[in-house]
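Take a look at the structure below.
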Amino acid sequence: MSDILEIEDLVLRFYTYEGVVEALDEVNLTLKEGETLGLVGETGCGKSMTALSVLVLVPSPGRIEGGHIFVEQGKKRLDLLAQNEPFLRKVRGKDISMIFQEPRVYLNPVYTVLNQVAEVYMQHRLKEFCHMAIEEINNEIKSGKAGFLAEFEKSMYRELVENPTSPLLQIAARIPVLNRYKRRLMRMIKKEIVDLLKSMGIADPERVIDMYPHELSGGMAQRVVVGMALACNPKILIADEPTTNLDVTVQLQILNLIRTLKKKYGSSILYITHDMGVVAELCQRVAVMYAGSICEIAGVMEIFKNPLHPYTKGLLESIPQPGKEFKSIAGTVPSLINPPSGCRFHDRCPYALETCANTKPKMIEVKKDHFIRCHLFPGVQK
Amino acid sequence: MSSLIETHGLKKYYPVTGGVLKRKIAEVKAVDDVSIDIKKGECFGLVGESGCGKTTLGKTIIRLLEPNGGCIFFDAPSDVLEEAEKLASNDPDSKRLKEFRKQYDLSTFKGSKLRHMRRKMQIVYQDPTTSLDPRMLVKDIVGEPLIVQKIARGAEAKERVIEMLKKVGLTEKQVYRFPHEFSGGQRQRIAVARALVVHPQFVVLDEPTSAVDVSVRAQLLNLFEELQKDLGLTYMFISHDLSVVECTSDRVAVMYLGKIVEFARTEELYKSPLHPYSIALLTAIPVPDPTLKRERVILTGEVPSPINPPLGCRFHPRCPKMMEICRREEPRLRDLGNGHFVACHLF
Chain U
1 MSDILEIEDL VLRFYTYEGV VEALDEVNLT LKEGETLGLV GETGCGKSMT
51 ALSVLVLVPS PGRIEGGHIF VEQGKKRLDL LAQNEPFLRK VRGKDISMIF
101 QEPRVYLNPV YTVLNQVAEV YMQHRLKEFC HMAIEEINNE IKSGKAGFLA
151 EFEKSMYREL VENPTSPLLQ IAARIPVLNR YKRRLMRMIK KEIVDLLKSM
201 GIADPERVID MYPHELSGGM AQRVVVGMAL ACNPKILIAD EPTTNLDVTV
251 QLQILNLIRT LKKKYGSSIL YITHDMGVVA ELCQRVAVMY AGSICEIAGV
301 MEIFKNPLHP YTKGLLESIP QPGKEFKSIA GTVPSLINPP SGCRFHDRCP
351 YALETCANTK PKMIEVKKDH FIRCHLFPGV QK
Chain E
1 MSSLIETHGL KKYYPVTGGV LKRKIAEVKA VDDVSIDIKK GECFGLVGES
51 GCGKTTLGKT IIRLLEPNGG CIFFDAPSDV LEEAEKLASN DPDSKRLKEF
101 RKQYDLSTFK GSKLRHMRRK MQIVYQDPTT SLDPRMLVKD IVGEPLIVQK
151 IARGAEAKER VIEMLKKVGL TEKQVYRFPH EFSGGQRQRI AVARALVVHP
201 QFVVLDEPTS AVDVSVRAQL LNLFEELQKD LGLTYMFISH DLSVVECTSD
251 RVAVMYLGKI VEFARTEELY KSPLHPYSIA LLTAIPVPDP TLKRERVILT
301 GEVPSPINPP LGCRFHPRCP KMMEICRREE PRLRDLGNGH FVACHLF
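Protein chains in written order, with the numbering used here: chain U, 1 to 382; chain E, 1 to 347.
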C-alpha cells in the first residue's frame, strides 16, 4: 500500500492577544491507500486543526509555520502548502473532501439542499456536464425535437467549456429568454443529485432536495453532508467527528453508510473522533493525539490490546466499564499558550521521569507499525 | 426499600399554537402516562434518543414544569401509596384520595409549600457554561439557593458555600472567581455544589457528563458516586450515553416518544433486554473492542414527530418484529416478574 497523504513536521501556531498558541507541534502522519485511520484525543488537542491544515483552511489568526503536506496527484507528489489558492480550490472537494462535525451549521440555511449540493458539481464537474448537455442537444437536433434556440444553447455550452469567464455568458445570463440554457444543466445535475442522495440512504430524495436545512433531521442533514463530500469520489475523505451530535441508533446508520461507501468508492478515510468505540468499529490504524502532538500510532488491535504510551493507557482506562471503578487521568489538558516543556504529557503522567520535563521525546518504532513518542521506551533517549 | 418518588400516569403536553389568534392547534406529547417509582438511595437511570422526553420528565418530576395530569408522590409512606393506588382505580373522586394528594402529591403544591419542597429536590443541568450566570461570583452562585430558601445569610452562607465547594473538589481560594475562569469539569462541579448546598434528598442529573471530555467524565462520575454515599442522595440520571448509565445506575428505564417502554434492574436490562427498541439501542453502542463481532439490530428511519405519534404502539413503524396488533392497540407496561417491566405485545 502506498502513502496517499503524508503530513510531515507540521507546525501550526495561532497568534492571539494572550500569546502564541502552539496548536500543532511537529505532527507526522501518513494515510495509506484504502485505509481508515482514526485520529483520537481530547477536546482542544489539535485533531480538527490537523484536518483543516490538510485542506489548507486554517482559520485566522492561525498560521502554518513549517512542514509539508504531500498528496499523490496523478503520478507526482505535490506539497499542498506550496500551492496557490486557485489550485487548492480545485483540490478541495474533488481530491480531498471533508465531512464536518455539525451538519446543521455546515449547511447554509438559506439554500435548498439541491442548490448546495449542485455547487459541488458546478465547481468540479462543470465541463463533464456541459459535454453531456451538448450531446443531448445534438440528439434532439437529429431527431427534430429541438426548439429554435437549440443552436444558441449549444454554442453557450461550448463557450462554458472553453471560456467560462467570457462576457458573452455574463450578458446572456441577464437576458430573460436567453438565460434558459442553464435549465438543462440544472436538470442534469438534479438527476445526478437524486441518484447520489438515494445511495446515501435517503428515502425520497425528490422531496428532500427541495427542502431547507432546518427541515431536515440531524441524521438526514448528516447524510446530505456525507453526500456532498462524496459527490466527486474523492481519494481522501476527512471525517471530523461526523457522528458526535447524533443519537446512537442514527450514529450506527451513518457508520454503516461510511463503511459501505468506502468499499464502493475506495476512498481513504481520516476519521477524527474522541469515541474509542467508534474507532474500534471502523478503523484499521489509530493515531492518538495529545496537546498538539501525536503520541502513539499503531494498528487498532495493537492499540486496544497493548497500549504503550501512558496517555493512551489513561484514555482507554477512562472508558466506563460496568463493575469496575472509574479511572481518570489526573489534571486537565494544559493550555497551549505555554505548553509544558519537554514531553507535553509529563505533568499528568504517572510514570514521568526526570528527562521528560527537559527533552522532547522522538517518535520511534518499537514494533513493526507501532510508533510511540515517549521516554519510557529505550532507544528514545538519544 | 421504600419509594422516594412515585408517579402515577404523569403527563406533560406542550401546546403548539398557530394561526392569527395563536390558538392551540396541536399538542406535543412529551411525557405521556408515565408511572415510575424511584427508591430511596438509588440511582435511577433514564435513557433514550434525543427528543424522546427524558429532560421533560426529569423537570416535571421536580415541578420545574407544570404537569398536565397524573400525580407525583414525594416521600409518602408506603401504606399511603398503596391505599392511594387502590382508591385511584376504584373510587377516583373519594375524599380520602384528595386528602392524600393534598398532603403528598407534588403536583398539587403551591406557593410557600412548593418552595419549601424545592429544598429537597434539585437539578444539575447538561451544560455548565449556560447554566451558570457569567456575571456572578462562585460564592453568589452557590450561595443563592441558601438565601432564596432563607437557610443562611452573609458569613454563615459563605461558610456553607466553602464547605460544599470542598466537598465537590474545589478550593477555598476559588470562591471569588467567575465561571469563565474555570475549566469545563470544574464548572460542572460548581453546578453540582449549587444543587447540593441546600442538602436535598433527590437530585436530577440531566446529562451531566455530555459536555465534558472522556478523562474528565470519569472524574465527575466518581464525584457523583462519592457524594451519593456521603450525603445519602437519590439520583435520577438522565443520559443518552448508555455506557455511562450502565456504570452508574441501579435501575434503568428506556424511554421512547414520551413513554417508558422498558424498565428493569441495570444488569438485567443490559444482559437481556426484551423490548425491540431496547435491543436496538443497546446493540448500537460502539464497543471499544476491535475483536468483538456482534449481531446488531439496525433501526431504519428516525424518531417520528411527537405531535402526531403513530397509533397503537409508538414504535411499530420502526420495529423489526411488528405484528398486526401493534398497529391498533397500545401496549401497557407489564410486570414480567423480578421487577422487569416491558410495554410490548410480544410478551
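We put the CB at the ideal spot given by N, CA and C, even for glycine.
Self-check item: Exposure label - Ala-82(U); buried when at least 16 CB within 10 Å
Solution: exposed
Quiz prompt | Chain-ordered chain U contacts of Glu-99(E) [CB-CB under 8 angstroms] | solution = None at all; the shortest Cβ gap to chain U is about 44 angstroms.
Quiz item: Alpha carbon to alpha carbon, what distance is there between Lys-198(U) and Met-211(U)?
Solution: 15 angstroms
Exercise. May I have the straight-line CA-CA distance separating Phe-304(U) from Glu-102(U), to the nearest angstrom?
Key: 28 angstroms
Exercise. Go through its chain and collect everything with a Cβ distance to Arg-96(E)'s Cβ below 7 angstroms, but skip five positions before and after it.
Key: Leu-87
Exercise. Can you say whether Ser-346(U) is buried or exposed, counting buried as having 16 or more other CB atoms within 10 angstroms of its CB?
Key: Residue identity differs from the one stated: residue 346(U) is His in this sequence, not Ser. A buried status is given to His-346(U), since no fewer than 16 other beta-carbon atoms sit within 10 Å of its beta-carbon.
Practice problem: May I ask which residues mark the beginning and end of the beta strand (DSSP E) holding Phe-70(U)? | Solution: Here the beta strand (DSSP E) through Phe-70(U) covers 62-73.
Quiz item: Should His-124(U) be labelled buried (16 or more other beta-carbon atoms within 10 Å of its own) or exposed?
Solution: buried
Quiz item: Would Ile-272(U) count as contacting chain E if we go by Cβ distances under 8 angstroms?
Solution: Residue contact check for Ile-272(U) against chain E: no CB pair falls below 8 angstroms.
Quiz item: What are the start and end residues of the beta strand (DSSP E) that includes Thr-17(E)?
Solution: 3-18
Self-check item: Cβ pair count under 8 angstroms reaching 3, the stretch 251-258 of chain E against the stretch 34-52 of chain E
Solution: yes
Self-check item: Beta-carbon separation (whole angstroms), Ile-272(U) vs Asp-240(U), contact threshold 8 angstroms
Solution: Contact between Ile-272(U) and Asp-240(U) holds, with the beta-carbon distance rounding to 5 angstroms and staying under 8 angstroms.
Exercise. Within the stretch 155-210 of chain U, note down every full alpha helix (DSSP H) run reaching 4 residues or more, in order along the chain.
Key: 167-172, 181-199, 205-208
Quiz item: Apart from the five residues just before and just after Thr-60(E), which ones in its own chain have a Cβ nearer than 7 angstroms to its Cβ?
Solution: Leu-10, Lys-12, Val-31, Pro-67
Quiz item: Is the CB of Cys-344(E) under 8 angstroms away from at least one CB in chain U?
Solution: no
Quiz prompt | Check whether Val-71(U) and Leu-57(U) have beta carbons under 8 angstroms apart | solution = No, these two residues do not count as a Cβ contact at 8 angstroms.
Quiz item: Rounded to a whole number of angstroms, what is the C-alpha to C-alpha distance between Val-120(U) and Arg-63(U)?
Solution: 27 angstroms
Quiz item: Which partner residues does Ile-329(U) have in the DSSP bridge list?
Solution: Partner(s): none; Ile-329(U) has no beta bridge.
Practice problem: Would you mind reading off the limits of the beta strand (DSSP E) that contains Gly-45(E)? | Solution: In the DSSP assignment, Gly-45(E) falls within the beta strand (DSSP E) that extends over 43-47.
Self-check item: Sufficient close CB pairs (3 or more, under 8 angstroms) joining the stretch 121-130 of chain E to the stretch 195-207 of chain E
Solution: yes
Quiz item: Start and end of the alpha helix (DSSP H) containing Phe-109(E)?
Solution: Counting along the chain, Phe-109(E) falls outside any alpha helix (DSSP H), and DSSP gives it neither H nor E.
Quiz item: For the candidate residues Tyr-270(E), Pro-304(E), Ile-62(E), Ala-152(E), whose alpha-carbon lies nearest to that of Met-236(E)?
Solution: The shortest C-alpha separation from Met-236(E) is found at Ile-62(E).
Quiz item: Roughly how many angstroms separate the alpha carbons of Ser-249(E) and Glu-296(U), rounded to a whole number?
Solution: 34 angstroms
Practice problem: Work out the CA separation of Leu-4(E) and Lys-348(E) for me, nearest whole Å. | Solution: No information on residue 348(E) is available, as it lies outside the stretch 1 to 347 that chain E covers here.
Exercise. Assign Ser-243(E) to buried or exposed, taking buried as 16 or more other Cβ atoms, counted over all protein chains shown, within 10 Å of its Cβ.
Key: By the neighbour-count criterion, in which 16 or more other beta carbons inside 10 Å mark a residue as buried, Ser-243(E) falls on the buried side.
Quiz item: If the cut is a Cβ gap below 8 angstroms, which residues of chain E does Gly-219(U) touch?
Solution: By Cβ distance, chain E contributes Glu-302.
Exercise. Spatial neighbours of Ala-211(E) within its chain, please: CB distance less than 8 angstroms, with the 5 preceding and 5 following residues excluded, ordered by chain position.
Key: Gln-126, Asp-127, Pro-128, Thr-129, Gly-184, Gln-188
Self-check item: Beta bridge counterpart(s) of Met-121(E) as assigned by DSSP
Solution: Looking at the DSSP assignment, Met-121(E) forms a beta bridge with Phe-202(E).
Quiz item: What are the partner residues of Val-348(E), as DSSP defines its beta bridges?
Solution: Here chain E has residues from 1 to 347 only, and residue 348(E) is not among them.
Quiz item: Listing by chain order, which chain C residues have their CB less than 7 angstroms from the CB of Met-49(U)?
Solution: This model lacks chain C altogether, as its protein chains are U and E.
Quiz item: Residues of chain U with a CB under 8 angstroms from the CB of Pro-288(E): which are they?
Solution: Met-276, Gly-277, Val-279, Ala-280, Phe-304, Leu-316, Ile-319
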